[in-house]
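Participant:
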Amino acid sequence: MVEPRFNWRVLQDGQLPLRPDKQVDLSAEHRCTTLLVWPVDAPPSAANTVVVDPCFTSAGSQVAQAQLAGLNVSFEILRRTFVTHPHHDHLPHLPREMPPIQFQEILFGPEMPPGMKLVHCPGHDFPLMALVFTAADGLPVWVVGDAILDEEWLRAWGYYWPNGYTPDAVAETWRSVARIVSGAAIIVPGHGPAFAVTADLVRHLLETFPSAAYANLCPSVESQLQARLESL
Ligand SMILES: [Zn+2]
Ligand SMILES: [Zn+2]
């Protein structure tokens, strides 16, 4: 059987004012990355798309509408949702000025579209699940929510979050990062643009991992990154 492949498009461009160096970028809005995924063999419709983390802000929904217009489809096709983790900035939400949509959360199990799978990536939030699928070009895409906030946070081994983390949760975060980097060709993070897993990125992560907080609690991360680098 041929593995199903999917098209994908970032609808809302995720942003985060807080930077890993603790500076605040006042030009950025706090909004999550929202992704539309649909099978390569059909145009996107209410029946065949999955929308990941559809928590739209007013400004973000404008960006999303422009993306949807480019695909020749309307906002109303956004029905079937998948939420990476139950933080308020990822749960289905529409700004007041938009007509309501009956979002239906896909229950993973029998309803899970063939060709999509979930990978548990705890740390940032224990229940966090990454959605994984194969893109049209055959490459694995991992939609990881806040397991990785954006590429800059990843490169900084940054984990600051007002939730207050235990050392074990930080180590769990790094194990999830290693799992994601090992499996993904493209990462769609929780609050930034999609980016590719390149040899340059993995080399940087390997070089800087020893200075990550609590790196001593998760030594397997280094060997996983080393194996990934050798595969690139
Ligand atoms: Zn978030
Ligand atoms: Zn979160």
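FYI, the numbering for the sequence shown is -5 to 226, going by our numbering. Idealized CB from N, CA, C, for every residue including glycine. Quantities reported herein were computed from a predicted structural model and do not represent experimental measurements.
1. Confirm, please, whether the CB-CB distance from L133 to A207 is below 8 Å.
2. Could you check the C-alpha separation between F97 and N1 for me, to the nearest Å?
3. For R149, does the count of other Cβ atoms within 10 angstroms reach 16, so buried, or fall short, so exposed?
4. If we ignore side chains and look at the alpha-carbon of each, how far apart do V57 and V126 end up?
5. Report all residues for which the CB-ligand distance to some heavy atom of ligand 2 is below 5 Å; order them along the chain.
6. Report yes if the C-beta of H84 is less than 7 Å from at least one heavy atom of ligand 1; otherwise report no.
7. Report yes if the C-beta of C115 is less than 7 Å from at least one heavy atom of ligand 1; otherwise report no.
8. Please confirm if the stretch 34 to 47 is in contact with the stretch 11 to 23, defined as three or more CB-CB distances below 8 Å between the two stretches.
9. I think P187 touches D35, with their Cβ atoms under 8 Å apart; what is that distance to the nearest whole Å?
Facilitator: Straight from the coordinates:
1. Taking the sequence shown and counting its residues from 1, one reaches residue 207 at position 213. Taking the sequence shown and counting its residues from 1, one reaches residue 133 at position 139. In this structure, L133 does not lie closer than 8 Å to A207 by Cβ.
2. Looking up residue 97 in the sequence shown gives position 103. Looking up residue 1 in the sequence shown gives position 7. Spanning the two alpha carbons is a distance of roughly 21 Å.
3. Looking up residue 149 in the sequence shown gives position 155. Under this definition R149 is an exposed residue.
4. As a working mapping, residue 57 is identified with position 63 in the sequence shown. As a working mapping, residue 126 is identified with position 132 in the sequence shown. If you take the alpha carbons of V57 and V126, they lie about 24 Å apart.
5. H81, D140
6. Numbered from its first residue, the sequence shown carries residue 84 at position 90. Under cutoff, so the answer is yes.
7. Within the sequence shown, the letter at position 121 stands for residue 115. Every heavy atom of ligand 1 is 7 Å or more from the Cβ of C115, so no.
8. no
9. Here residue 187 refers to the residue found at position 193 when the sequence shown is read from its first residue. Here residue 35 refers to the residue found at position 41 when the sequence shown is read from its first residue. Contact flag wrong, Cβ pair sits at about 27 Å.
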